[in-house]
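Here the structure is laid out as structure tokens; the discussion comes afterwards.
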Amino acid sequence: MARGTTGTAGRRKANGAEATVKKAGPSTTKDELLKYYREMLLIRRFEERAGQLYGMGLIGGFCHLYIGQEAIAVGCQAAKRPGDQMITSYRDHGHMLVCGMDPKEVMAELTGRSGGSSRGKGGSMHMFSTEAAFYGGHGIVGAQVSLGTGLAFANAYRGDGKVAFAYYGDGAANQGQVYESFNMAQVWNLPVIYCIENNEYAMGTAIDRSSSETKLYKRGISFNIPGEEVDGMDVLAVKEAAERACAHCRAGNGPYILELKTYRYRGHSMSDPAKYRTREEVDEVRKTRDPIDFVEELLEKNGWADEGALKAIDAEVKKIVAEAAEFARTSPEPDPAELYTDVYTVAVEGVPA
Amino acid sequence: MTDILMPALSPTMEEGTLAKWHVKVGDKVSSGDIIAEIETDKATMEVEAVDEGVIEALLVAEGTEEVKVNSVIARLAGEGGAVAPAAPQPAAAADPNPQPASRAEAKGDPVRAAAAATSAASTLKDPDLPEGVNLVKVTLRDALRDAMAEEMRRDPDVFLMGEEVAQYQGAYKVSRGLLDEFGPKRVIDTPITEHGFAGIAVGAAMAGLKPIVEFMTFNFAMQAIDHIINSAAKTLYMSGGQIKCSIVFRGPNGAAARVGAQHSQDYGAWYAHVPGLKVLAPYDSADAKGMLKAAIRDPNPVVFLEHEMLYGQEFEVPEGIDWVVPIGKAKIRRVGTDVTLVAYSRMVGFCLQAAEKLAEEGIEAEVVDLRTLRPMDIGTVIESIKKTNRVVTVEEGWGPMGVGAEISAKAVELAFDYLDAPPARVHQEDVPLPYAANLELLSMPSIDRIVAAVKAVTYR
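Chains as they are written, first to last, in the working numbering: chain F, 108 to 460; chain D, 4 to 463.
See below:
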């Protein structure tokens, strides 16, 4: 198989990145890059369609899109082993898709239909898959960090070698329970990777207005947890860093922090007009740091895919998304009998439910 | 050809202003390109193209107000090979809310569900004691410890975590000896960090372990209440039944003595309000042991409310058998004919003493120990009220929105024609618990106040 180098040196700078400007990019292959390209494109097209369905009134409530941040979910997924768990916030559609969930089930959950992954009872912010070891989808900012540390606690208790990925944003990074979790994770040596998706804005508050230390990878210093800053728009850099973090955890060294510098193109949620930043700022990122363009350029530069091949992938992805949207639109609403199911699980021996 | 529709900025938006077009007819756009700006009185948003193509027509002029959501604002001529989206279906898009028909149907369910729960609970019985079983006096503290030890021997996934539970042997010595038997992997001292360790325990439960979380007192669990309610109680439902959370949150609840307002509160009503939780509050050692064992085995999150003032009291416990008391079944502690006293935890003892006093005056009180606050065995309470025609509720918590308020409502709903007097409630006075000895006593329910309430409802 042909191997090439990414040569990302100097291509662009992560927002203020200083620790990780690479001299030479990690090596990669055609198949690997095409896989990431397809996965990231699926997330982007899915989210664009979700935004459209929201506009049509088919998706209710809050809806937080992942556009711009695709390289993080895809890069970390590449470093995972089967059984490694994942848990995140309400900006969870991308994570659901990369861990192998059927886009139809994900989209139908967004529309609150019986074909959804939670049979319509969770919605955009509360999606889960035990099969894919995806533990949600949590609506309370920062809660997933303690819960994710608990998943790692179970891994350590069982000694099964699994690693838990707990994703959260620069907003959640200021929640107290994050530091309570850091402390216990290090004291108890738990295999958890704290993946901070720093997209620069906690809803509408820019990071330098909310955080006394904006280099979030340093937040583990007081707990003796190693951390590194990563260009979260470079899927290969994300994968490489996540592999380092996994190796650290699997060797029994306890938790690890990755600060993945990224950017969300859309508002915090669909009803956010994003007036706290300029159109120029967003355009600049789109033009110079887009994670999908980055892979596209690499593919073309190495002669691994021409425009036609990439268009074919786009058409295939669009077809999947169109089918998901159609399923989500036509899947029936949950049966009224579902109102009272799943409040409690069935009884176990000797104890009635 | 693809229609571009007027989007909604929020679930409640019905129309808006098309403030600006960023494209003109003939422009080529790709997905993600900004094509227009729309405004409502609350927000402004840019509209992005979802598909590639050439703008064929702009159907709504810049500055047009009151453009209805989902009306066609532009047309896109699709590129060859591009997949056009499903044509919007106004019928499907018009009302994201449930249909009225299904709402009405669903409305019938709570009654049926409640009726089913009541009848199921009424058939529950404490296990019969095998012939010849020994009853031994055990303090409530040790009964709880024995329950945990037995369940930890039975199931390696059960573990205990909390502040001072291991080396210190428990702040109230409930976990005495467990570290020696089970080691530090399963008896875990936590830092003083309730929010964090409750979240970690819930996460471990989601991954399939069966944690017992000891809160030094339930007053400190308020730091962790988000995880108890939002993470533990709701996730099964939100995940469509996928993510189970078998976990016990336990510790002393209610007022101890002279520890002031922040350390003296009954959380029974707080947790019993929440679907997805089971809430247990035993009175004696046999129930404490049998119900804690049931709680640990239960696949749902259980809040287990103990009482510090009872820890040192001795009660009989069956010896040498696997004693498990069913969740969701009240117990008639004293049979009577004239009034029903309903209580849980320490107040059961107060009611039993009040009943003896009342008996001296010829009033026979029936004492119902709720034992489980959720799911509540309201059937047993109602049957008793139908017999005595009078009810007095007793709880340590505040009255408004309390356990007694719930029982009074149920009594009126389900036994209205049987009541010879309005239900009466005895509870903590509606103030933060005072420190001064005399004020503390005045604030708390007492035997005298129970007696007085009974006299009021029996018109004596």
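Built from N, CA and C at the ideal position, the CB exists for glycine as well.
Going by CA-CA distance only, name the one from the options that's closest to residue i.
{"i": "THR20 of chain D", "options": "D:ASP36, D:ASP44, D:GLY35 and D:ALA80", "result": "D:ASP44"}
{"i": "ALA348 of chain F", "options": "F:ALA416, F:MET163 and F:CYS302", "result": "F:CYS302"}
{"i": "LEU61 of chain D", "options": "D:ALA77, D:TYR462, D:ASP54 and D:GLU55", "result": "D:ALA77"}
{"i": "GLU40 of chain D", "options": "F:LEU141, F:PRO362, F:ASP421 and F:ALA381", "result": "F:ALA381"}
{"i": "ALA292 of chain F", "options": "F:VAL270, F:THR385, F:GLY276 and F:GLY311", "result": "F:VAL270"}
{"i": "LEU217 of chain F", "options": "F:GLY207, F:HIS200 and F:CYS206", "result": "F:HIS200"}
{"i": "VAL205 of chain F", "options": "F:ALA412, F:GLU423 and F:ALA180", "result": "F:ALA180"}
{"i": "PRO210 of chain F", "options": "F:VAL342, F:GLU387 and F:GLU146", "result": "F:GLU146"}
{"i": "ILE151 of chain F", "options": "D:GLY56, D:SER34 and D:VAL57", "result": "First, the amino acid is wrong: residue 151 of chain F is Arg here, not Ile. Ranking D:GLY56, D:SER34 and D:VAL57 by Cα distance to ARG151 of chain F puts D:SER34 first."}
{"i": "GLY276 of chain F", "options": "F:THR395, F:PRO189 and F:THR369", "result": "F:THR369"}
{"i": "CYS356 of chain F", "options": "F:GLY266, F:VAL402, F:VAL252 and F:ALA416", "result": "F:GLY266"}
{"i": "PRO187 of chain D", "options": "D:ALA275, D:GLU367 and D:TYR171", "result": "D:TYR171"}
{"i": "SER74 of chain D", "options": "D:ASP6, D:HIS310 and D:LEU163", "result": "D:ASP6"}
{"i": "ILE195 of chain D", "options": "D:GLN226, D:GLY206 and D:PHE185", "result": "D:GLN226"}
{"i": "GLN282 of chain F", "options": "F:ALA250, F:TRP295 and F:MET310", "result": "F:ALA250"}
{"i": "ALA309 of chain F", "options": "F:GLN192, F:LYS142, F:LYS426 and F:ARG198", "result": "F:ARG198"}
{"i": "ILE58 of chain D", "options": "D:VAL351, D:GLU65 and D:ASP30", "result": "D:ASP30"}
{"i": "LEU163 of chain D", "options": "D:LEU295, D:VAL26 and D:VAL190", "result": "D:VAL190"}
{"i": "PRO441 of chain F", "options": "F:GLU212, F:ILE247, F:GLY219 and F:ALA239", "result": "F:GLY219"}
With a threshold of 8 Å between beta carbons, is residue i in contact with chain F?
{"i": "ASP229 of chain D", "result": "yes"}
{"i": "VAL216 of chain D", "result": "no"}
{"i": "PRO194 of chain D", "result": "yes"}
{"i": "GLN245 of chain D", "result": "yes"}
{"i": "SER13 of chain D", "result": "yes"}
{"i": "LEU239 of chain D", "result": "yes"}
{"i": "SER33 of chain D", "result": "no"}
{"i": "MET379 of chain D", "result": "no"}
{"i": "VAL460 of chain D", "result": "no"}
{"i": "THR67 of chain D", "result": "no"}
Can you find the residues in the same chain that come closer than 7 Å, C-beta to C-beta, to residue i, ignoring five residues on each side of it along the sequence?
{"i": "GLU42 of chain D", "result": "GLY19, THR20 and ALA22"}
{"i": "GLY407 of chain D", "result": "THR396, GLU398, ARG428 and HIS430"}
{"i": "LEU297 of chain F", "result": "THR256, ALA259, PHE260, ALA263, GLY361 and PRO362"}
{"i": "LEU148 of chain F", "result": "ILE399, ILE420, ASP421 and VAL424"}
{"i": "GLU177 of chain F", "result": "MET147, ILE150, ARG151, GLY201, PRO398 and ILE399"}
{"i": "LEU323 of chain F", "result": "ASP277, ALA280, ILE303, ASN305 and GLU366"}
{"i": "VAL63 of chain D", "result": "LEU21, VAL70 and ILE76"}
In chain order, what residues of the same chain have a beta carbon less than 8 Å from the beta carbon of residue i, not counting five sequence neighbours either side?
{"i": "LEU12 of chain D", "result": "GLY19, ILE41, THR43, LYS45, ALA46 and MET48"}
{"i": "VAL454 of chain D", "result": "ALA357, LYS360 and LEU361"}
{"i": "LYS466 of chain D", "result": "Absent from the model: residue 466 of chain D. The displayed extent of chain D is 4 to 463, so no value can be given."}
In or out: residue i buried (at least 16 other Cβ within 10 Å) or exposed?
{"i": "MET196 of chain F", "result": "Per the sequence shown, the amino acid found at residue 196 of chain F is Ser instead of Met. Classification for SER196 of chain F: buried."}
{"i": "TYR451 of chain F", "result": "buried"}
{"i": "MET404 of chain D", "result": "exposed"}
{"i": "TYR462 of chain D", "result": "exposed"}
{"i": "ALA104 of chain D", "result": "Confidence at ALA104 of chain D is low in this model, with a pLDDT of 37, below 50, so its placement is unreliable and the value that follows should be read with caution. By the 10 Å Cβ count, ALA104 of chain D comes out exposed."}
{"i": "GLN265 of chain D", "result": "exposed"}
{"i": "ALA150 of chain D", "result": "buried"}
{"i": "PRO133 of chain D", "result": "exposed"}
{"i": "THR15 of chain D", "result": "exposed"}
{"i": "PRO93 of chain D", "result": "Residue confidence for PRO93 of chain D is low, a pLDDT of 35 falling below 50, so the modelled location carries little weight and cannot support an answer."}
{"i": "LEU143 of chain D", "result": "buried"}
Near residue i, which residues of its chain fall below 6 Å by C-beta distance, leaving aside the five closest residues on each side in sequence?
{"i": "ASP36 of chain D", "result": "ALA52"}
{"i": "LYS213 of chain D", "result": "ASP160, VAL161 and SER249"}
{"i": "ARG393 of chain F", "result": "none"}
{"i": "GLY1 of chain D", "result": "Here chain D comprises residues numbered 4 to 463, so residue 1 of chain D is not present and cannot be evaluated."}
Can you find a C-beta in chain D that's less than 8 Å from the C-beta of residue i?
{"i": "LYS211 of chain F", "result": "no"}
{"i": "VAL450 of chain F", "result": "yes"}
{"i": "PHE235 of chain F", "result": "yes"}
{"i": "GLN184 of chain F", "result": "no"}
{"i": "SER317 of chain F", "result": "no"}
Would you say residue i touches the ligand FAD, meaning its beta carbon is less than 7 Å from a heavy atom?
{"i": "GLY167 of chain F", "result": "Absence of the ligand FAD is noted for the structure shown, with no ligands found whatsoever."}
Legend entry - Within 8 Å of chain F by C-beta, residues of the segment 198-211 of chain D in sequence order: HIS198, GLY199, PHE200, ALA201, GLY202, ILE203, ALA204, VAL205, GLY206, ALA207, ALA208, MET209, ALA210 and GLY211
Inset, instruction - Using a Cβ-Cβ cut-off of less than 8 Å, list which residues of the segment 389-417 of chain F approach chain D; keep chain order. - result: Here the close residues are ARG393.
Inset, instruction - Name, going along the chain, the residues of the segment 274-293 of chain F whose beta-carbon falls closer than 7 Å to a beta-carbon of chain D. - result: GLY283, GLN284, GLU287, SER288, ASN290 and MET291
Inset, instruction - Below 7 Å between beta carbons is the criterion; list the residues of the segment 313-328 of chain D that meet it against any residue of chain F, in chain order. - result: VAL327
Legend entry - chain F contacts from the segment 248-280 of chain D (Cβ-Cβ distance under 7 Å): PRO278 and GLY279
Legend entry - Near-chain F residues of the segment 70-81 of chain D (beta-carbon distance less than 9 Å), N- to C-terminal order: Here the close residues are VAL72 and ASN73.
Legend entry - the segment 245-279 of chain F: positions lying closer than 7 Å to chain D by Cβ: Hits within the stretch, in order: ILE247, ALA250, SER253, LEU254, GLY255, THR256, GLY257, LEU258, PHE260, ALA261 and TYR264.
Legend entry - Interface positions of the segment 278-303 of chain D facing chain F (Cβ-Cβ less than 8 Å), listed along the chain: PRO278, GLY279, LYS281, ALA297, ARG300, ASP301, PRO302 and ASN303
Inset, instruction - Identify each residue in the segment 436-459 of chain D for which the Cβ-Cβ distance to at least one residue of chain F is less than 7 Å, and report them in chain order. - result: none
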